[in-house]
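Working notes for the structure below.
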Amino acid sequence: MSLVLGMVVPHTPRIIHEETAPAFLDPLTGAMHHAREWLDRMNGSGLVIISCHWVSSFNHYLDATPVHEGRLTAQECPDLIRDVTYHFPGHPEVAQQIADRAASAGMPMYAIDDPAYVWDYGSVVPLRYLTPTWRWLWLISRFV
Numbered sequence: 275m276s277l278v279l280g281m282v283v284p285h286t287p288r289i290i291h292e293e294t295a296p297a298f299l300d301p302l303t304g305a306m307h308h309a310r311e312w313l314d315r316m317n318g319s320g321l322v323i324i325s326c327h328w329v330s331s332f333n334h335y336l337d338a339t340p341v342h343e344g345r346l347t348a349q350e351c352p353d354l355i356r357d358v359t360y361h362f363p364g365h366p367e368v369a370q371q372i373a374d375r376a377a378s379a380g381m382p383m384y385a386i387d388d389p390a391y392v393w394d395y396g397s398v399v400p401l402r403y404l405t406p407t408w409r410w411l412w413l414i415s416r417f418v
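Here's what the structure looks like:
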């Protein structure tokens, strides 16, 4: 497994529903669609998301559930992001390998398999635009 690309992507709550996003954000959503086309051409095998909104007090966590699915109402903006469903495939074995490698390097990271965990909008918003046709996704907590 090798790193092919790193991206910092916008995740403003105003673009969760493209059809109701303000017109001044059209260039942003257009760029997100363009980035997805580019990701598809890369033909990668997985996507790792490092979210700045996964709040954790001490440790770092990696979501190792086989299927990431849920309904999101964002704590910071429930008027903009309310009852948004998501469904993405996961890969528990690779998630555990990533967590183990980080832990062996001294980082307090743990893989969790909890289907009740609800993703944050910092992950769900960009994935509504950027989800490639690849097979797996992994979500990692923020790095401080």
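Here my numbering is used: the first residue of the sequence shown is 275, the next is one more, and so on. Note that beta-carbon positions come from the ideal geometry of N, C-alpha and C, so glycine has one too.
- Taking Leu-279 as the centre and dropping the five residues before and after it, the same chain places no C-beta closer than 6 Å to its C-beta.
- Where Gly-380 is concerned, there is no enclosing alpha helix (DSSP H), because DSSP gives it neither an H nor an E.
- Annotation for Thr-303: the continuous alpha helix (DSSP H) segment containing it runs 300 to 316.
- For Asn-333 against Pro-382, the beta-carbon gap comes to about 4 Å, under 8 Å, which counts as contact.
- Of the candidates Ser-378, Ala-390 and Gly-380, Ala-390 places its Cα closest to the Cα of His-361.
- Counting only residues of its own chain and dropping the five nearest sequence neighbours on each side, Gly-344 has a CB closer than 7 Å to the CB of Tyr-360, Val-392 and Trp-393.
- For Val-399 and Thr-407, the gap between their C-alpha atoms comes out near 17 Å.
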